[in-house]
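Sequence order for the protein chains is F and H. Start counting the first sequence at 1; every next residue gets the next number (this note's numbering). Start counting the second sequence at 220; every next residue gets the next number (this note's numbering). All C-beta atoms, glycine included, are put in the ideal place defined by N, C-alpha and C. Remember, it's a predicted structure, so these values are computed and weren't measured experimentally. Comments concern the structure below.
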Amino acid sequence: MSAETILAAVLTFMIWSYILGDNPAFRIAEHILVGTAAGYVAVLAWGHIIWPALHAMWSQPSPATVLPFLLCALLAARPWPLLRPWAAVSLAFLIGVGSALAVGGALFGTLWSQVLATASLSLNPADWDEAQMFLTSNAFWQNLAIVIGTIGTFCYFTFRIRPGGPLRDLRAAFIRFWSGVGLWMMMITLGALFASAAMSRFTLLIDRVQWLLGIFELR
Amino acid sequence: MASRLVSVSVAMGVGLLVLARYFIADAQLDAVVNQLLSIASVVAAFALFLGLANLARFHLDRVRAHSSQRLYSAILLAALAATVTLGLIGGGPNAPWMQLVFNSVLFPLQAALYALLAFFILTATYRAFRVRNVESALFVIFALVVLLGQTPAGALLWEELPAIKDWVFDVPVLAGTRGILIGVSLGTLATGIRVLFGVDRPYVEETGRDTHGHLS
């Protein structure tokens, strides 16, 4: 058995010692994890982003290659009160780019695709391959359940809005009905997702136990 | 005042330019936006280093102050220093030494920590599986269907169970997840647009906020 394998097994047992309660072995392993993960991310960021950018600045000095480091310098100047307001320029740059990516991603990556997928569900028997009446067709009921469930779950998030105007009672009843449907659909979804999350943890636990049994030749 | 004006202009200008690429197909615009994204990745990586410096300073202070936690802080600093030294001297993130750190330290620790959650999820399951009303009954029934449907024991109990589990994921879970995703994306859109049009300015310190120049 190699030293690396022994180290990995010892660290695994140190983490699992938490089953007996908080103890020094777990806390040591926890701090090793934080330190190593932070160092690993630093090495990745240096090797893949900072170093190539520094190399580009030295080999081809231009406003485009110098600007990132000017923004970095402003960010690093944040502790000095005189320069602190200008450090906001770097943050503004990051937040501006991040917000635009988030808006674009939400609009075209999630909202558009999800609405389009829901809207393209057909309730028309002519669109299905099954030679059945629409009320006895699986596709009809499945598509109807998906449409109702999606609208209901979406309405669940708006049921706190207090309706106003002449049709407020009608609107309130409408939202109450759909949010009720949405709550049921959310409970089903959360139940299934909770079970999936539990299964993934159990699968990983079994994998680690099998690995330990394998290295100690107990399998 | 001038710095605030510059910050708001930078956030709006850069943000709208990046957003424009989603709507306008233009090679020149693509080149400019790619340049902006590469600058942002360098600044974000540098911000990560500032965060690491803050982490190191916090734990150095604990070691210096002879805190009761100083042993753990010293271990964290040693692990951080060793990983960074191995990575920088050993030849970068793809060097054999870094692979060794990943395979022998990071991966076993993360996998063990994730697997440890299995024990705690058991107690969470016990608490969650108390039926009090219709909603909790739905939660329990569908969680049990998925749990049993994913195991060979479930198929032995009732051979239709795996097919029912697949239907649960294909219909109600799809609908629920889709509704949640649409709600989340609308929220993201609203927040992002407020920042892009300068209504929300999280990067500018408003009057009355703490102006001490600490890293933390």
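When the beta-carbon positions are compared, I399 (chain H) and T110 (chain F) stay at least 8 Å from each other. Per the coordinates, the alpha-carbon of G35 (chain F) lies some 8 Å from the alpha-carbon of T302 (chain H). Per DSSP, the continuous alpha helix (DSSP H) segment holding W16 (chain F) begins and ends at A3 to W16. Fewer than three Cβ pairs drawn from the stretch 224–231 of chain H and the stretch 391–406 of chain H lie within less than 8 Å of each other, which leaves the two stretches out of contact. Between Q369 (chain H) and the set F:F202, F:A53 and F:A73, the nearest pair of CA atoms involves F:F202. Secondary structure at M220 (chain H): coil, using DSSP grouped into helix, strand and coil. Under the three-state reduction of DSSP output, V227 (chain H) falls in the helix class. Taking a C-beta distance under 8 Å as the contact criterion, L325 (chain H) and I15 (chain F) do not qualify as a contact pair.
The alpha-carbon of I28 (chain F) is positioned some 42 Å away from that of L357 (chain H). CA-CA distance, L332 (chain H) to A293 (chain H), rounds to 21 Å. The beta carbons of P63 (chain F) and I258 (chain H) sit no closer together than 8 Å. Assignment of G310 (chain H) by DSSP, reduced to helix, strand and coil, places it in the coil class. Straight through space, the alpha carbons of Q60 (chain F) and M199 (chain F) are spaced by roughly 53 Å. One Cα belongs to D245 (chain H), the other to L255 (chain H), and the distance between them is close to 15 Å. Contact holds between the stretch 231–251 of chain H and the stretch 87–103 of chain F, because three or more Cβ pairs, one in each stretch, are under 8 Å apart. Think of a sphere of 7 Å around the beta carbon of T396 (chain H): the chain F residues whose beta carbon falls inside it are T189, in chain order. CA-to-CA, the gap between S99 (chain F) and F108 (chain F) works out to about 14 Å. Between L380 (chain H) and chain F, the shortest Cβ-Cβ separation is not below 8 Å.
Following the DSSP letters along the chain, one finds R208 (chain F) inside the alpha helix (DSSP H) bounded by residues R168 to I215.
Using a CB distance cut-off of 8 Å, Q114 (chain F) counts as an interface residue toward chain H.
Taking a Cβ-Cβ cut-off of 7 Å, I383 (chain H) has no neighbours in chain F, whose nearest Cβ is about 11 Å from it.
Judged by DSSP in its simplified three-state form, P391 (chain H) adopts helix. DSSP assignment within the stretch 265–335 of chain H yields the following whole alpha helix (DSSP H) runs of 4 residues or more, N-terminal first: 289–309 and 315–320. For L123 (chain F), the nearest beta carbon of chain H is not closer than 8 Å to its own beta carbon.
Residue contact with chain F for A244 (chain H): absent (no Cβ-Cβ distance below 8 Å to any residue of chain F). Rounded to whole angstroms, the gap between the alpha carbons of Q288 (chain H) and L319 (chain H) is 28 Å. In this structure, V423 (chain H) sits near A88 (chain F), with a CB-CB distance shorter than 8 Å. By the CB criterion at 8 Å, L204 (chain F) and A334 (chain H) fall inside the cutoff. With respect to the 8 Å criterion, P391 (chain H) and M1 (chain F) are not classified as neighbours on the basis of their beta carbons.
Rounded to whole angstroms, the gap between the alpha carbons of V147 (chain F) and V103 (chain F) is 25 Å. Linking T150 (chain F) to T118 (chain F) through their CA atoms gives a straight-line distance of about 8 Å. Taking a contact as a CB-CB distance under 8 Å, the pair G191 (chain F) and F339 (chain H) does not count as one, their CB atoms being some 18 Å apart.
By the Cβ neighbour-count rule, G39 (chain F) is buried, with 16 or more other Cβ atoms within 10 Å of its own. If you draw a straight line from the Cα of A372 (chain H) to the Cα of A382 (chain H), it is about 14 Å long. At the C-beta level, V262 (chain H) and S90 (chain F) come within 8 Å of one another.
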